[in-house]
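Engineer: Pasting a structure below so you can have a look.
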């Protein structure tokens, strides 16, 4: 093949499709290369997607995209071995367009997104793997794929957390397990009515329910349940280096989570439909690779662009926004006829101006804060024990809340450590 | 929910298994390794210790890449399977 593309985008996930859509709409010759049989075949996520970022590309996207349910209800629970303390939030607004969030499955969603990218005018080539980079001197000049050379003015690497292209271009070293959380998920089928009864939701409504607690055995991370139309996405996300140190497979933790009495009754009678796994880059700004070089940009998970704040672990919006910024950078470079690193340095400037790098800066200290094992063991225990004391009527004289708190806190954690942790939370989140 | 073992879970997934393996282990490095982090962190249980040696079955790989990352001795050569092969998520 000798046709030279304006841009070859590697990976048809949210970053690649957003990038390809913006490029094609501007009339640039754009090729997206995807190694899966179809877009989404290699991809998984937890399954809840928030924010209006996609509305900019596709207003009212929920009307045509294969969304499962809109998220009308948020729940958060602290679990000990046999107790649960929960917070439950719902607002009328969440049930009205433009919805705040949706449950989505990647295999359907990515296929839809890729088809929209094709409609915009990009070519999406599935079943095609980017095996390496083409070089002209020190500049990236395209990719090698399927035994062919595909020359391009710019290569945009949206090839996910494992980004071999970013490594090959020398933009980053092999990532460290300290910067990674491993996500392991089951899709569990249940009849629609049972889901709606169990989760107290109506037709089309959905719940996003996050959990932290003893099931991760002190390993930083948590679990979630998201309701789809006729299935549940049930998974855990845990620190990869700690799994290795503690010699415990994530599946054991997932099974502990599923066996918790509060969780088991939600899943009862369900049929496993799929078991999937993925790495999530959680190192924040500190793990970010160089974002560009001559003839190449890196976006999405490949650039480590996710946000983790404890309550929130979000990647898709950062992928989409960085894909858009990469596209705008290529469009500008084409106008100037300059695809050098100097010209492409516009890309990090755009990211600095957008929520992408602003959020990562705001929550710069969150990754190290969230390493604190007390959040996953002692604090859930403390809260559940306190709640048990408050709600137990045992014929003994009642105590004030403060003295019950002191009683529960003693032996678990020193008061000063508790105060220090609170102060760190205030500074980091 | 009766399925709890990893191999039972993998059995519900859809794969197109390539004859060519996409993961290789460097046996000389693995022989020196005392911690075997790959055996605990592979969510598909691809790495097992049998009679003191690491054995590898690449067929159930979920393509997360954890094994390559956790091996600080670079004993795992992990690449994506050839295009079209490997895991094919129906839900994701």
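Residue numbers (the numbering used here), protein chains in the order written: chain A, 1 to 429; chain B, 1001 to 1092.
Glycine included, each C-beta is placed from N, C-alpha and C at the ideal position.
Please read these numbers as outputs of a predicted model, since none were measured by experiment.
Could one say the Cβ of residue 1024/B lies closer than 9 Å to chain A's Cβ atoms, at least one of them?
Structural biologist: No, its Cβ sits nowhere closer than 9 Å to a Cβ of chain A.
Engineer: Could you spell out where the alpha helix (DSSP H) holding residue 383/A opens and where it closes?
Structural biologist: From DSSP, the alpha helix (DSSP H) with residue 383/A extends over 378-391.
Engineer: Rounded to a whole number of angstroms, what is the C-alpha to C-alpha distance between residue 154/A and residue 235/A?
Structural biologist: Between residue 154/A and residue 235/A, the C-alpha separation is close to 37 Å.
Engineer: If you drop the 5 nearest sequence neighbours on each side, which residues of the same chain put their C-beta closer than 8 Å to that of residue 452/A?
Structural biologist: Here chain A has residues from 1 to 429 only, and residue 452/A is not among them.
Engineer: Identify the continuous beta strand (DSSP E) that holds residue 215/A and give its terminal residues.
Structural biologist: Neither: residue 215/A is in no beta strand (DSSP E) and is coded neither H nor E.
Engineer: DSSP on residue 1/A, reduced to helix/strand/coil?
Structural biologist: Confidence is the limiting factor: at residue 1/A the pLDDT is only 49, short of 50, which leaves the residue's position unreliable and the question unanswerable from this model.
Engineer: Can you tell me whether residue 1053/B is buried or exposed, with buried defined as 16 or more other CB within 10 angstroms of its CB?
Structural biologist: It counts as exposed.
Engineer: Does the contact criterion of 3 or more C-beta pairs under 8 Å hold for the region 169-182 of chain A versus the region 273-289 of chain A?
Structural biologist: Yes, the region 169-182 of chain A touches the region 273-289 of chain A.
Engineer: Anything in the region 156-173 of chain A with a Cβ closer than 8 Å to a Cβ of chain B? List those residues in chain order, please.
Structural biologist: Hits within the stretch, in order: 161, 162, 164.
Engineer: Where does residue 61/A sit, in a helix, a strand or coil, going by DSSP?
Structural biologist: If DSSP states are grouped into helix, strand and coil, residue 61/A belongs with the helices.
Engineer: Which of the residues in the region 94-107 of chain A, read from start to end, lie with their CB under 8 Å from any CB of chain B?
Structural biologist: Of all residues in the region 94-107 of chain A, 105, 106, 107 have a Cβ within less than 8 Å of some Cβ in chain B.
Engineer: Is there at least one Cβ from chain B nearer than 9 Å to residue 451/A's Cβ?
Structural biologist: This structure leaves residue 451/A out entirely; chain A is present only between 1 and 429.
Engineer: Could you check how far apart the C-beta atoms of residue 344/A and residue 327/A are, in whole angstroms? I think they sit under 8 Å.
Structural biologist: Residue 344/A to residue 327/A, Cβ: 12 Å. No contact.
Engineer: So which residues on chain B does residue 275/A lean against when the C-beta distance must stay under 7 Å?
Structural biologist: Chain B residues near residue 275/A: 1009, 1010, 1012, 1013.
Engineer: Could you check how far apart the C-beta atoms of residue 430/A and residue 227/A are, in whole angstroms? I think they sit under 8 Å.
Structural biologist: One cannot answer for residue 430/A here, as it falls past the ends of chain A, which runs 1 to 429.
Engineer: Take the Cβ of residue 55/A as the centre, count every other Cβ of all protein chains shown within 10 Å, and call the residue buried at 16 or more, exposed below.
Structural biologist: With fewer than 16 Cβ atoms within 10 Å of its Cβ, residue 55/A is classed as exposed.
Engineer: Given a cut-off of 9 Å on the beta-carbon distance, is the pair residue 221/A and residue 212/A in contact?
Structural biologist: The answer is yes: Cβ separation under 9 Å.
Engineer: Below 7 Å CB to CB, which residues in the same chain sit around residue 261/A once its five sequence neighbours on both sides are set aside?
Structural biologist: Closer than 7 Å at the Cβ level, and outside the excluded window around residue 261/A, lie 82.
Engineer: On a CA-only basis, which of 61/A, 102/A, 40/A is nearest residue 209/A? Give me that one, please.
Structural biologist: Cα-wise, what sits closest to residue 209/A is 102/A.
Engineer: For a contact defined as C-beta to C-beta under 7 Å, what are the partners of residue 1062/B on chain A?
Structural biologist: The answer, in chain order, is 276, 277.
Engineer: Would residue 232/A be called buried (16 or more neighbouring beta carbons within 10 Å of its own) or exposed?
Structural biologist: So residue 232/A counts as buried.
Engineer: Just to confirm, is the Cβ distance from residue 419/A to residue 1040/B under 9 Å?
Structural biologist: In this structure, residue 1040/B does not lie closer than 9 Å to residue 419/A by Cβ.
Engineer: Evaluate residue 394/A with the Cβ neighbour count: other Cβ atoms within 10 Å of its Cβ, from every protein chain shown; 16 or more gives buried, anything less gives exposed.
Structural biologist: It is exposed - the Cβ of residue 394/A has fewer than 16 other Cβ atoms within 10 Å.
Engineer: Report yes if the CB atom of residue 7/A is closer than 9 Å to the CB atom of residue 330/A, and no otherwise.
Structural biologist: Contact: yes.
Engineer: What does a CB cutoff of less than 6 Å around residue 447/A pick up in its chain, not counting 5 residues either side in sequence?
Structural biologist: The displayed coordinates of chain A run from 1 to 429. Any statement about residue 447/A would go beyond what the structure contains.
Engineer: Jot down the residue ranges of each uninterrupted beta strand (DSSP E) in the region 193-257 of chain A, minimum 3 residues, whole runs only, in chain order.
Structural biologist: Whole beta strand (DSSP E) segments, 3+ residues: 205-213, 221-227, 231-239.
Engineer: Which value, in whole angstroms, describes the spacing of the CA atoms of residue 1048/B and residue 40/A?
Structural biologist: Rounded to the nearest angstrom, the two C-alpha atoms are 29 Å apart.
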